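Here is the structure we will look at.
Protein chains: 2
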Amino acid sequence: MQFRLTPQRMLILKLLKKDTTHPSAEDVYKVAKKNFPNISFKTVYNTLQVLQDNRLIQELIIDRRKKRYCPDPKPHHHIICTECNKVVDVHLKFNTRLNEKRAEGFKITGSKVTFYGVCPECNMTV
Amino acid sequence: MQFRLTPQRMLILKLLKKDTTHPSAEDVYKVAKKNFPNISFKTVYNTLQVLQDNRLIQELIIDRRKKRYCPDPKPHHHIICTECNKVVDVHLKFNTRLNEKRAEGFKITGSKVTFYGVCPECNMTV
DNA sequence: ATTTAATTTACAATTATTGTAATATGATAA
DNA sequence: TTATCATATTACAATAATTGTAAATTAAAT
Chain A
91 MQFRLTPQRM LILKLLKKDT THPSAEDVYK VAKKNFPNIS FKTVYNTLQV
141 LQDNRLIQEL IIDRRKKRYC PDPKPHHHII CTECNKVVDV HLKFNTRLNE
191 KRAEGFKITG SKVTFYGVCP ECNMTV
Chain B
91 MQFRLTPQRM LILKLLKKDT THPSAEDVYK VAKKNFPNIS FKTVYNTLQV
141 LQDNRLIQEL IIDRRKKRYC PDPKPHHHII CTECNKVVDV HLKFNTRLNE
191 KRAEGFKITG SKVTFYGVCP ECNMTV
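Quick mapping for you: the protein sequence lines, in order, are chains A and B. Just so we're aligned: the first sequence equals residues 91 to 216 in our numbering. Just so we're aligned: the second sequence equals residues 91 to 216 in our numbering.
In C-alpha cells, the structure reads:
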C-alpha cells in the first residue's frame, strides 16, 4: 500500500509525538478537531492504523475500556493505574526469554511487561 | 457484597475451569446456553464479574477485539497468536522487579508478561 | 490536462458491553 | 414452615468503541 502523509495524518502524528498520556482514539480526535474542525472519526482511526502499519506508533492493549496509542514504536513496557487508567512508559530491559519447550510451539515474535499499580494522584485520594 | 453461587454461576465456573481456550464472554454464553437455554448475556457478564471479584478467575486484556477469561486467578503469563488470537498460559517466573525510581511514583501491585507470536496451526498455513 | 488511486468525510452499522426494570429465587428470621 | 427481603435472572434497551460504505475530494502519475 502506498502511504500518503496527508495534512491530517501529519497533524495526528505530531500530536501523538508530543503527547505522553497514551491517548485513546477519541482523545486524538478531540485534539485534532481543533486544527481540522471537519475531521472524521474514520480518518483518525484510519490514520492510527496506517501509522501503526508503518511502525511510527504502537497500539496498546492494556486499558480494559479502549485502545490506547503510544508514540514510541520501539518495544518497551508500561505501567497502568488500576484506579484511573493512567499509562506511563517503562524503558527498561527485562529478561523474559521463553525457551522453545515453554513456548507451546509458538514462534515468539515479541513480548511486553505490563505493570499494574496505583498512580501518585490516586494514591493521595484514598 | 453477599455472593450467591447460583446454578448459573456454578455452571459458568465449571465451564471455565475445564476450558483452556481463554474464552470470551460470548463463547461462555454460547456454551452455557446448552444447559440454560434462557440464560441472558447479562447473567454471563455479571457472573464473570462476580467470579473475578472473588478471585476465582481473571479477566485478560490481551485480545484487541474483546476481553478473554482465564480460569486460573493466580498471577501468570500468556502467549497470544497474532494471527488467530489463540491464547495459552505460561507458568514461569520472570524477574521483572521494578525499582522505586523507575516506577514513576506508582505503587506497583502486580505485573504480567505478554508474549506475541504465531501458533503452530497458523504457522503451518502460511 | 487527464487519469487514476488514495484519502477524507458523513453517516450508517456492527460489536462488545452495560443499564433498567420486572420477575424469580433463595436465605434468613419469625 | 411461611413471610420477608435482599440478591439474581431475564428480556430488552442503551451505550461506547470501532468499522464499513459510498460519494466527494485530493493529489500523484501519466
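Don't be surprised by glycine CBs; every beta carbon is placed ideally from N, CA and C. Remember, it's a predicted structure, so these values are computed and weren't measured experimentally.
Within the segment 181–207 of chain B, contact with chain A at the beta-carbon level (separation under 8 Å) is assigned to L182, F184, N185, T186, L188, R192, A193, E194, G195, F196, K197, I198, T199, G200, S201, K202, V203, T204, F205, Y206, G207.
At a cut-off of 7 Å between C-beta atoms, R158/B does not count as an interface residue with respect to chain A. Using a Cβ-Cβ cut-off of 7 Å, R154/A counts as an interface residue toward chain B, since at least one Cβ of chain B sits closer than that to its own. Residues of chain B with a Cβ closer than 8 Å to the Cβ of V178/A are, in chain order, E194, F196.
A Cβ-Cβ contact shorter than 7 Å links P161/B with K107/B.
Residue state for T137/B is assigned as helix, using DSSP reduced to three classes. Under the 10 Å beta carbon count, C174/A is surrounded by fewer than 16 other beta carbons and is classified as exposed. Note on the segment 127–182 of chain A: whole alpha helix (DSSP H) runs with a minimum of 4 residues are 131–143, in chain order. Residues of the segment 126–146 of chain A with a Cβ closer than 7 Å to any Cβ of chain B: none. Under the three-state reduction of DSSP output, K202/B falls in the strand class. Shown here for R145/B: same chain residues with a beta carbon closer than 6 Å to its own, the five before and five after excluded, namely P163 in chain order.
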